[in-house]
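Chemist: First residue of the sequence shown: 1, per full-length UniProt numbering; consecutive thereafter.
Glycine is no exception: its CB is placed at the ideal position from the N, C-alpha and C atoms.
This structure is a prediction, so every number in the text was calculated from the model and none was measured.
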Amino acid sequence: MNMKWEKVKGPNNQSPSAMSLSRSKANKGNSEMMLSVGFKLFVLIFASIILSVSVTGIVTLRVAKHIIEENAAQAAYETIQQTNEKLDTVLGVYEQMMLQMITNTNLHNWLFTANDQNRQTFDQLSARKEVQEYINQITFSNSLIANIMIIPKNPEHLTFSTLSSTSVSIDYEAPWFQEASSSQDNLWLHTRIGGYSNAQQRPQLGLARLMKTSLNQEFVVLFEINQEMLNQQVRGIQLSPSSQVYITNTQNLLLQAEDESLILAEAELAIPEGNRGIMRNEDGEEFIVVAHFSDKAKWFVVGIAPVAELTEDTKIVEQVIYVIIGVASLVAVALSLLVARTMGSPLRRLQRLMVEGAKGNLNVRTSFKNRDEIGQVGRSFNEMMEQITELVRQTNHSAAEVLMTAQELSHSAKDTAHSAREISEATEQIAHGAATLASEAERGNELVIDLSKQLQQVVEANRTMGQVAADVHKVSEQGTGYMVQLNDKTRVTEEITRRMVEKVDQLQESTASIRNLLDMLTQITQQTNILALNASIEASRSGAAGRGFMVIAGEIRKLADQSRQSIDIVAEMTEHIQGGIAETVSVMSEAYPLFQEQISAVRDADMIFNQVRERMTGLVQQADKVTEAIEQLEKAQRVLSDTMASVSAVSEESSAISEEVASSSAAQLNTSDALVNLVGKLERLSNELTDSLKKFKI
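Structure, rendered in structure tokens:
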């Protein structure tokens with residue numbers, strides 16, 4: 001049985017050796033493509049653009065988020081600070097009410113009378129009624145005041161309250177009472193369920209202060225204020241759509257809340273160090289937390305806002321960055337392909353022509369039209385091929401002359417090497433200068449960017465100054481209005497004072513008239529007494545018949561004596577009243593010039609307010625002009641930034657070109673040195689040259 005063995009063939013009837021050869025060529029082609037200048041330029045440009053755009057976008061996004069967070073924290077802190085100042089102003093109103101109360105001398109007298117056991121019961125009851133009506137009047141004047149108490153340090157004295165006396169209870173050993181009793185300043189008591197009199201179940205804060213009366217009695221005055229007062233001050237303040245503003249004590253316990261069940265509960269977030277920072281809740285959500293401590297009430301006004309809401313706008317920036325990266329990728333691919341095609345294709349054509357020339361075909365020429373280095377290389381190649389062709393033509397009949405010109409060529413080669421060395425040194429200096437210029441341009445670009453940021457801060461500060469000036473102008477307008485009202489009221493006060501002086505003068509004249517009447521009554525009494533005495537004498541002469549008349553005369557004399565005594569008392573009271581009126585006239589005479597000076601001072605203050613208003617109007621106008629000038633400066637700065645960026649790019653390109661020229665000059669220098677060495681070999685190679693030239697096609 002005969003069997004035929006056949007070689008195994010692959011696809012398309014190819015033998016294994018052919019397939020191996022195809023794969024080898026394919027691998028070689030891929031390797032050459034990976035090592036080609038075009039592929040390297042493609043990878044370098046694509047990677048540079050994508051990397052620079054991505055890094056710039058990510059850094060920009062992070063910086064934007066950080067700046068937004070810092071600005072939001074600063075704005076929130078200023079808002080909380082203003083809220084705390086407004087709250088301190090409201091507390092100052094209650095302190096002023098407290099001061100007016102503890103300095104009221106009428107209240108001092110009423111309290112003394114009400115607690116004086118030596119006074120009559122009617123006087124004590126009247127004084128107690130006056131005290132009760134006085135504190136009730138203060139309570140009714142402010143709906144947020146839940147209770148006012150006057151607590152004596154002496155437990156035997158009476159305690160007064162606007163609430164039922166049976167519902168209040170005071171612990172004299174309580175720390176707040178002891179502190180208020182030993183201090184001369186206002187003492188703000190933090191919110192507590194049931195207040196400090198334990199008369200109600202609502203949360204209340206308190207204001208306590210020691211009152212020393214002019215009659216050496218001491219009381220502690222307590223204002224109990226509904227915590228709704230705190231709610232009113234923080235309600236409506238928003239740092240972000242879901243932000244919160246609340247008040248806590250130093251233990252981070254809530255002192256106010258719309259839901260009263262949360263009062264004295266611990267706040268969700270702790271107060272950061274420095275009273276501002278970013279905190280996380282139990283769910284891991286980040287919040288900007290700012291707080292401001294009140295030196296008056298010893299509590300914190302706290303504001304919290306989610307970081308995600310404050311940095312919501314950065315999502316748009318993030319999306320834009322992704323779009324820019326995508327567009328940059330497409331541009332990088334197109335630009336890389338264009339550069340690779342522009343650089344790689346001419347080099348591959350030049351390579352093929354050189355291969356033909358290496359085989360001896362001197363008729364090959366390039367057709368490059370470029371004016372760049374590739375075009376110059378192509379033209380140099382054409383010139384080289386033409387020179388080689390001419391050289392081959394001339395070499396056949398000038399080989400003998402080569403030996404004769406070897407010495408001249410050696411001298412020329414040395415000169416060329418020297419010149420090439422000088423050119424190389426000069427080119428290196430140019431490259432160093434270009435690199436320095438590129439570095440300085442980059443530094444200038446960075447300075448322009450910093451200037452842009454600082455200019456933006458100046459713009460924001462100028463806007464803030466304009467707003468503050470407008471606010472001051474508005475306050476000046478209000479102050480002018482108030483001064484007009486004060487001026488009118490001062491005139492009314494002057495008129496009332498003048499009328500009072502006239503009335504006192506009339507009263508003094510009336511008192512003098514009363515004095516004259518009393519003198520007349522005194523004379524009449526004396527005459528009546530004399531007549532009664534005469535009647536008694538006549539009755540005694542009449543004997544028994546005149547006894548009845550004598551009794552009547554005696555009674556008349558007694559009535560005359562009583563009238564005289566009454567007239568003396570009235571005269572004494574009239575003199576006392578007249579003395580008081582004289583003192584009143586003296587005081588009014590002294591006060592009237594003071595009222596005149598007050599009117600003059602009010603007019604001067606009105607004039608000053610008008611001047612302030614005019615100056616603030618000018619300041620607002622100047623601020624608008626400054627804002628316009630800064631905006632023009634900002635536009636000019638943008639143009640400068642673009643110009644510096646262009647200068648930086650051109651400087652970097654010049655530096656790269658200078659380095660390439662320096663490298664070429666160094667290569668030329670080495671070539672010149674080698675040429676000097678080759679001149680010695682020229683004579684030996686001249687004979688071989690003749691044989692070699694026969695291979696070329698002319």
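With three or more beta-carbon pairs closer than 8 Å as the criterion, would you say the segment 616 to 630 touches the segment 464 to 478?
Modeler: Yes: the two stretches touch, three or more of their Cβ pairs being nearer than 8 Å.
Chemist: Count the other C-beta atoms from every protein chain shown that fall within 10 angstroms of the C-beta of Y94, then say buried if there are 16 or more, exposed otherwise.
Modeler: Your numbering for residue 94 matches position 94 in the sequence shown. With 16 or more other Cβ atoms within 10 Å, it is buried.
Chemist: Alpha carbon to alpha carbon, how far is N136 from N115?
Modeler: Translated into the one-based positions of the sequence shown, residue 136 becomes position 136. Translated into the one-based positions of the sequence shown, residue 115 becomes position 115. Whole-angstrom Cα-Cα distance: 19 Å.
Chemist: Quick check: what's the CA-CA separation for G375 versus K414?
Modeler: One-based indexing of the sequence shown puts residue 375 at position 375. One-based indexing of the sequence shown puts residue 414 at position 414. One C-alpha to the other measures close to 30 Å.
Chemist: Would you mind giving the Cβ-Cβ distance between V585 and V504, rounded to the nearest angstrom? I have them listed as a contact below 8 Å.
Modeler: Counting from one through the sequence shown, the residue named residue 585 turns up at place 585. Counting from one through the sequence shown, the residue named residue 504 turns up at place 504. Yes, V585 and V504 are in contact; Cβ-Cβ is about 5 Å, under 8 Å.
Chemist: Taking the alpha carbon of Q96 as the point to measure from, which residue in I138, E70, Q132 has its own alpha carbon closest?
Modeler: Your numbering for residue 96 matches position 96 in the sequence shown. Looking at the Cα atoms, I138 is the closest of the given residues.
Chemist: Quick one: what's got a C-beta closer than 7 Å to T511's C-beta in the same chain, skipping five residues either side?
Modeler: Locating residue 511 in the sequence shown gives position 511, counting from the first residue. Closer than 7 Å at the Cβ level, and outside the excluded window around T511, lie T574, I577, Q578, I581.
Chemist: With I151 and T159 assumed to form a contact (beta carbons below 8 Å), what rounded beta-carbon distance in angstroms separates them?
Modeler: Numbered from its first residue, the sequence shown carries residue 151 at position 151. Numbered from its first residue, the sequence shown carries residue 159 at position 159. Sure, about 5 Å apart at Cβ, within 8 Å.
Chemist: By the three-class DSSP mapping on this structure, what secondary structure does Y134 have?
Modeler: As a working mapping, residue 134 is identified with position 134 in the sequence shown. Y134 falls in the helix class under three-state DSSP.
Chemist: Identify, in the order they occur along the chain, each residue of the same chain with its Cβ nearer than 7 Å to the Cβ of S452, setting aside the five sequence neighbours on each side.
Modeler: The count along the sequence shown starts at 1 and reaches residue 452 at position 452. The residues are Q637, S641.
Chemist: So within the segment 213 to 290, which uninterrupted alpha helix (DSSP H) runs reach at least 4 residues, ignoring any that extend past its ends?
Modeler: If we require 4 residues or more, the alpha helix (DSSP H) runs fully inside the segment 213 to 290 come out as 228 to 234.
Chemist: From what residue to what residue does the beta strand (DSSP E) around L189 run?
Modeler: For this step, residue 189 is matched to residue 189 along the sequence shown. Segment 187 to 193, the beta strand (DSSP E) holding L189.
Chemist: What does the Cβ neighbour count give for R603, buried or exposed, with the cut at 16 atoms within 10 Å?
Modeler: For the purposes of this step, residue 603 is taken as the residue at position 603 of the sequence shown. When all chains shown are included, R603 counts as exposed.
Chemist: Have a look at Q238 and V458 and give me their C-alpha separation to the nearest angstrom.
Modeler: Taking the sequence shown and counting its residues from 1, one reaches residue 238 at position 238. Taking the sequence shown and counting its residues from 1, one reaches residue 458 at position 458. Whole-angstrom Cα-Cα distance: 26 Å.
Chemist: Assign V475 to one of three DSSP states: helix, strand, or coil.
Modeler: Taking the sequence shown and counting its residues from 1, the one referred to as residue 475 is at position 475. Three-state result, V475: helix.
Chemist: Rounding to the nearest angstrom, what Cα-Cα distance links I278 and A75 in this structure?
Modeler: Mapped onto the sequence shown, residue 278 falls at position 278. Mapped onto the sequence shown, residue 75 falls at position 75. So the two alpha carbons sit approximately 14 Å from each other.
Chemist: According to DSSP, what are the bridge partners of R209?
Modeler: Here the question's residue 209 lines up with position 209 in the sequence shown. V221, per the DSSP bridge assignment.
Chemist: Which residue wins for smallest C-alpha separation from F42, given the options A435, Y134, V339, E285?
Modeler: Position 42 of the sequence shown, counted from the start, is the residue given in the question as residue 42. Minimum Cα distance to F42 is reached at V339.
Chemist: Do A560 and F549 have their C-beta atoms within less than 7 Å of each other?
Modeler: Position 560 of the sequence shown, counted from the first residue, corresponds to residue 560. Position 549 of the sequence shown, counted from the first residue, corresponds to residue 549. Cβ atoms of A560 and F549: not closer than 7 Å.
Chemist: Starting from the C-beta of L272, find all residues in its chain whose C-beta is less than 7 Å away, skip the five residues before and the five after it, and write them out in chain order.
Modeler: Within the sequence shown, residue 272 is the residue found at index 272, counting from 1. A quick correction: the sequence has Pro, not Leu, at residue 272. For P272, where only same-chain residues beyond five positions count, the Cβ hits under 7 Å are M279, V289.
Chemist: If we count the other Cβ atoms within 10 Å of its Cβ and call it buried at 16 or more, is E224 buried or exposed?
Modeler: Walking along the sequence shown from the start, residue 224 turns up at place 224. By the 10 Å Cβ count, E224 comes out buried.
Chemist: Among residues of its own chain, excluding the 5 on either side of Q200, which ones have a beta-carbon nearer than 7 Å to its beta-carbon?
Modeler: As a first step, residue 200 is located in the sequence shown; it is residue number 200 there, counting from the start. Around Q200: A146, G194.
Chemist: Would you kindly check if the distance between the Cβ of Q256 and the Cβ of Q227 is under 7 Å?
Modeler: Within the sequence shown, the letter at position 227 stands for residue 227. Within the sequence shown, the letter at position 256 stands for residue 256. Yes. Within cutoff.
Chemist: Could you tell me the alpha carbon to alpha carbon distance between Q351 and A656, rounded to whole angstroms?
Modeler: For this step, residue 351 is matched to residue 351 along the sequence shown. For this step, residue 656 is matched to residue 656 along the sequence shown. Straight-line Cα distance between these residues: approximately 25 Å.
Chemist: For L21, I'd like the list of residues in its chain whose CB is within less than 7 Å of its CB, leaving aside the five on either flank, ordered along the chain.
Modeler: One-based indexing of the sequence shown puts residue 21 at position 21. Annotation note: pLDDT 49 at L21 (below 50); position unreliable, coordinate value reported separately. Counting only Cβ-Cβ distances below 7 Å, and skipping sequence neighbours, we find nothing.
Chemist: Taking 8 Å as the threshold, find out whether the segment 72 to 86 comes into contact with the segment 354 to 361 through three or more Cβ pairs.
Modeler: No, because fewer than three Cβ pairs between the segment 72 to 86 and the segment 354 to 361 fall closer than 8 Å, the two stretches do not touch.
Chemist: Run the CB neighbour count on S424, radius 10 Å, all protein chains shown included, and call it buried at 16 or more, exposed below.
Modeler: As a position in the sequence shown, residue 424 is number 424, starting the count at 1. Looking at its Cβ environment, which holds 16 or more other Cβ atoms inside 10 Å, S424 is buried.
Chemist: Tell me which residues share the same chain as V492 and place their Cβ nearer than 8 Å to its Cβ, disregarding the 5 neighbours each side in the sequence.
Modeler: The residue you call residue 492 lines up with position 492 of the sequence shown. Around V492: no qualifying Cβ.
Chemist: Taking the beta carbon of H66 as the centre, do at least 16 other beta carbons fall within 10 Å, making it buried, or is it exposed?
Modeler: Residue mapping note: residue 66 aligns to position 66 of the sequence shown, counting from 1. That one is exposed.
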